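S.K.: Questions regarding the structure given below will be posed in turn.
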Amino acid sequence: MTSPCTLTPPSHGTPSLCSDCTALPLSLREFTVLKSNPTAPTPESDTTPLRLDPIDLGFLDSIYDRRWGCQFCRLIYDGARAGPKCDLRDDGRDKDGNRISCRLEWQLDTRASASLPMTRRLRVSTSCGSVPFFHIVPLAVDDQSSMMLGFGKRITPQANLPLVGQWFRTCTQQHPCGHPARGSNSIRPARLLDVSNHPVRLVPTPSPHTEYAALSYVWGKFIPAGVDWDTLRKYSSTVIDQVPLTVRNAFHVVRSLGINFIWVDAFCINQGDQQDVRREIAIMDRIYRNAVLTVCAASGTSTDGMSGVDGVTRHPAQGYAAMDRLQLTTLPPVADLIAATHWDSRGWTLQERLLSRRCAVFTPTEILWQCPHATWRESISLPLDRGLWTLDFIDSPYIGLQENPLRRYASCVDIYSGRTLTFTRDKLLAFEGLGQDLATGLNSELLFGLPRRYFDWAVLWEPKAVGSRLPHPSDSLPPASFPSWGWCGWDHAVEWRLSTLSGALFDLHAWLMTRTWIVWRYAGEDGSWELVWDREQPSSGAFDRGRWEGYLPEHRFPYGRSPMDIDQVIGDFHSPEDTDAPATPPSKATQLAFTTFTGRFRLSTKSLSTAAFSSDLGPGLRRFGIVDGAGDWCGTVVLGEKEWMPRVEGVFEFAAISTAKDFSMEEMDTWNYYIPEKQHQGDWYCFYALMIMPVRDEVFERVGLAKIFASAFRMGSIGRTRWRRIILE
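For the sequence shown, position 563 (counting from the first letter as 1) is numbered 563 according to UniProt numbering, and the numbering increases by one without interruption.
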């Protein structure tokens, strides 16, 4: 791990380069595309061909050694050590002492739509994943900054709030992202903080058209439940005494932008009134979407201030190098600057960012602006009225808003499920606003965070990390407050792994209609069993997505499958036993009931995947084998290694829930002829199956998702394969 980083100030003496760097193409010509940017200050007499091939710069430890006598090596040193999440030894080797190679590549940058790029950046990357890549760009000279589009700017210790004001005015006046959420113009929070005068007062929202900002921040040690609500309601001048520094800094920011009101959850929601909490959280998506701006306090781990605002210290992380007639500076990617913050690791802040029309993100080192049409930063010189695209727009969260709705849902759950919460009891609450937005795109309600319209696909999530069941004992919630069958029931990140689901995703709608058979029922609010997907629910034609469509609506059979369809999918596994709701009503709100066939198989360390196709699993996870009664490998399941290694050779029950096309190479790259080769070539020879553990009669918990040869259920089960009713909780 590096020691605290102190970056090198720009040199004012004679620039010096080592022998390796002297030969590098580092003039202004390489950074500027002349045919697109003819006004750029470049020597006209130099007509030698540009050298833009990738360059191997050697090993990072050698670059570290040369930094005292070479400006450019020092720049690489500063850029590598200043990068977020950098994990290097002081000598430039990784934590195990291995050498790290360094590479330079030119990347085109700064362009208007449908036009040629105007500039290039020099991308510096290494062979070590713990050293994030960064860019090197020329530093704009003050008297030529208007001609140096896409070049770097010096970041001052104090935040450039006038620049934020320019961003805000340009976005609200020129970008279509200025429109509030569809159909929700009149929906506003119940209360706002009026910052137009001193003291700040808590007031009822003046009108449905009141413009306000919203604050996204980390509570840290600040406990909103300790706020004196009676004092707040009296609009007393003592309100300011209860406001932590981060919130006061946000007041300063919005005042500078000419915004008179701000919404801050700790003060605008009565945290001691659960009815008020539920009412405001239910409209959280519209609270953030209707805000004219979300101020994201992404510096620090608590409410101890926003870097660079109103006297709070800021330490810009820029490296500099003075070359011949050129100064260079380092530029970490925007996505890395945000990902490195404690704010970006918290559960609540994901929806606050994704639901906002535009965000001003105050990171520890600089301010960033993100909206659907631009990404701006303090450290880059750009004209705001030309709509220029830069490399900083890559990985913007707003790009994902235009994705396939199902892919967007999976991506959001992937990110959110791995974030931390002060109280894990908020696992669904902190997702509710974003969930409502995602549900609209899917034309489907969510059931414990899973889209009902795609339920057979939705239950095929897998863990990305090791975790425990929720709720935790410290949450003071009754057991089974969250279901084991939903991602919300586990304290770890989840994903819908492409290698597991590739066959189903080729035509998801066809798979749902022809490769599934379960009639899912859940515990309804009235204490009876209800269909997860209500076949009477109408569907708008606007949501017809062909192969990405969910279940068919208004069909005479549940989920759009007739008994004949089911017979074709599972054949001799199908039981004449009806699939009606259980006679006994649900005993818990988290219960899910269905009937299917189950088999019993042995957990094993046996693998049919070689190192060439090893699974890319999270820390602590292992791909276990599943073997049948004869000891032959017949499937695979991903589980936590520490918990399940002592249980290898144990026999467990697996409930088949849908058909899988085949095994991926990381699941099985060595064919074992468990089924004939001819049958293998026909595909659809596997089942997705839930690994279940008994709780009591007919009641189970889900512990994993397996993929098993279909024929193993026919002839390999340890004990008879049987059709049975299952209740998961």
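All C-beta atoms, glycine included, are put in the ideal place defined by N, C-alpha and C.
None of these values were measured; they are calculated from a predicted model.
#1: Using a Cβ-Cβ cut-off of 8 Å (strictly less than) and excluding sequence neighbours within five positions of S411, which residues of its own chain qualify?
#2: With DSSP run on the structure shown, which of helix, strand or coil describes L639?
#3: Taking 6 Å as the limit between beta carbons, can you name the residues of its chain near S356, skipping five residues before and five after?
#4: Report yes or no: is there a C-beta of chain B within less than 8 Å of the C-beta of P694?
#5: Among the candidates A321, A710, M148, whose CA atom is the shortest distance from the CA of A656?
#6: Looking only at its chain, what residues have a beta carbon closer than 7 Å to the beta carbon of D344, apart from the 5 residues adjacent to it on each side?
#7: Kindly confirm or deny that the stretch 438-458 and the stretch 691-703 touch, where touching means at least three C-beta pairs closer than 8 Å.
#8: Taking the runs of the alpha helix (DSSP H) that are 4 residues or longer, which of them lie wholly in the stretch 319-372?
#9: Just to confirm the assignment: which complete alpha helix (DSSP H) runs, minimum length 4, are found wholly within the stretch 158-204?
#10: Please state the DSSP three-state secondary structure of W389.
#11: Exposed or buried, which one is L139 when buried takes at least 16 other CB atoms within 10 Å?
#12: Quick one: Cα of G220 to Cα of P244, how far?
#13: Helix or strand or just coil, what does DSSP make of D616?
#14: Between F506 and the rest of its own chain, which residues show a CB-CB distance below 6 Å, the 5 nearest in sequence each way excluded?
#15: Buried or exposed for I570, please, with buried defined as at least 16 other CB atoms from any protein chain shown within 10 angstroms of its CB.
#16: Using only the alpha-carbon positions, how far apart do F624 and F652 sit?
#17: For T375, count neighbouring Cβ atoms within 10 angstroms of its own Cβ and tell me buried if that reaches 16, exposed if not.
#18: Within 8 Å, do at least three Cβ pairs link the stretch 308-322 to the stretch 151-161?
#19: Please state whether the Cβ-Cβ distance between residue 748 and T301 is less than 8 Å.
#20: In this structure, does DSSP put Y288 in helix, strand or coil?
#21: Between the beta-carbon of A430 and the beta-carbon of G560, is there less than 8 Å?
#22: Mind checking which residues open and close the beta strand (DSSP E) that includes D683?
#23: Tell me the residue span of the alpha helix (DSSP H) that contains Q107.
#24: Assuming A712 contacts G618 (C-beta within less than 8 Å), just tell me the rounded distance between them.
#25: DSSP puts P463 in a beta bridge; with which residues?
#26: In terms of DSSP beta bridges, what is T32 paired with?
#27: Do you know how far the Cα of W684 is from the Cα of L384?
#28: What are the boundary residues of the alpha helix (DSSP H) that includes L245?
#29: Take R602 as the anchor and find which of L388, L326, I262, E649 has the nearest alpha-carbon.
#30: If you run the structure through DSSP and keep just helix, strand and coil, what is F134?
#31: Express the C-alpha separation of R547 and F597 in angstroms, rounding to a whole number.
#32: Residues in its own chain within less than 7 Å of R99 by CB, not counting five upstream and five downstream?
#33: Would you say D662 and T610 are within 8 Å of each other, going by their C-beta atoms?
M.R.: With the structure as the only source:
#1: Counted from its first residue, the sequence shown places residue 411 at position 411. The residues are G400, E403.
#2: Against the sequence shown, residue 639 aligns to sequence position 639. Correct three-state label for L639: strand.
#3: In the sequence shown, residue 356 corresponds to position 356, counting from 1. Cβ within range, chain order: Y288, T294.
#4: The structure shown contains no chain B; it holds only a single protein chain.
#5: Residue numbering aside, residue 656 sits at position 656 when the sequence shown is read from its first letter. Checked all of A321, A710, M148; the closest Cα to A656 is A710.
#6: The residue you call residue 344 lines up with position 344 of the sequence shown. These residues qualify, in order along the chain: A298, I338.
#7: no
#8: 334-339, 347-354
#9: 161-174
#10: Position 389 of the sequence shown holds residue 389. Of the three classes helix, strand and coil, the one that applies to W389 here is strand, per DSSP.
#11: Position 139 of the sequence shown, counting from 1, holds the residue named residue 139. Buried is the call here.
#12: Counted from its first residue, the sequence shown places residue 220 at position 220. Counted from its first residue, the sequence shown places residue 244 at position 244. If you take the alpha carbons of G220 and P244, they lie about 11 Å apart.
#13: Within the sequence shown, the letter at position 616 stands for residue 616. Coil at D616, not helix or strand.
#14: For the purposes of this step, residue 506 is taken as residue 506 along the sequence shown, with counting starting at 1. Contacts found: none.
#15: Mapped onto the sequence shown, residue 570 falls at position 570. Buried, by the Cβ-count rule.
#16: Translated into positions along the sequence shown, residue 624 becomes position 624. Translated into positions along the sequence shown, residue 652 becomes position 652. Straight-line Cα distance between these residues: approximately 13 Å.
#17: Residue mapping note: residue 375 aligns to position 375 of the sequence shown, counting from 1. Buried is the call here.
#18: yes
#19: Residue 748 cannot be examined here, being either before or after the span of the chain that is shown, 1 to 729.
#20: Taking the sequence shown and counting its residues from 1, one reaches residue 288 at position 288. Helix at Y288.
#21: On the sequence shown, position 430 is the one that residue 430 refers to. On the sequence shown, position 560 is the one that residue 560 refers to. Not a contact, by the Cβ cut-off of 8 Å.
#22: Taking the sequence shown and counting its residues from 1, one reaches residue 683 at position 683. No beta strand (DSSP E) holds D683; DSSP gives it neither H nor E.
#23: Reading the sequence shown from its first residue, position 107 is the one you call residue 107. Element bounds for Q107: not the alpha helix (DSSP H) but the beta strand (DSSP E), 101-109.
#24: Walking along the sequence shown from the start, residue 712 turns up at place 712. Walking along the sequence shown from the start, residue 618 turns up at place 618. 27 Å between Cβ atoms; not a contact.
#25: Here the question's residue 463 lines up with position 463 in the sequence shown. For P463, which the question treats as bridged, DSSP gives the partners V494.
#26: One-based indexing of the sequence shown puts residue 32 at position 32. DSSP lists T119 as partners of T32.
#27: In the sequence shown, counting from the first residue as 1, residue 384 sits at position 384. In the sequence shown, counting from the first residue as 1, residue 684 sits at position 684. Straight-line Cα distance between these residues: approximately 54 Å.
#28: The sequence position of residue 245 within the sequence shown is 245, counting from 1. 245-256 is the extent of the alpha helix (DSSP H) around L245.
#29: Translated into the one-based positions of the sequence shown, residue 602 becomes position 602. Ranking L388, L326, I262, E649 by Cα distance to R602 puts E649 first.
#30: Taking the sequence shown and counting its residues from 1, the one referred to as residue 134 is at position 134. In this structure, F134 counts as strand in the three-state DSSP scheme.
#31: Here residue 597 corresponds to residue number 597 of the sequence shown, with the count starting at 1. Here residue 547 corresponds to residue number 547 of the sequence shown, with the count starting at 1. Answer to the nearest angstrom: the Cα atoms are 28 Å apart.
#32: As a position in the sequence shown, residue 99 is number 99, starting the count at 1. Contacts found: F59, D61, R93.
#33: In the sequence shown, counting from the first residue as 1, residue 662 sits at position 662. In the sequence shown, counting from the first residue as 1, residue 610 sits at position 610. Contact: no.
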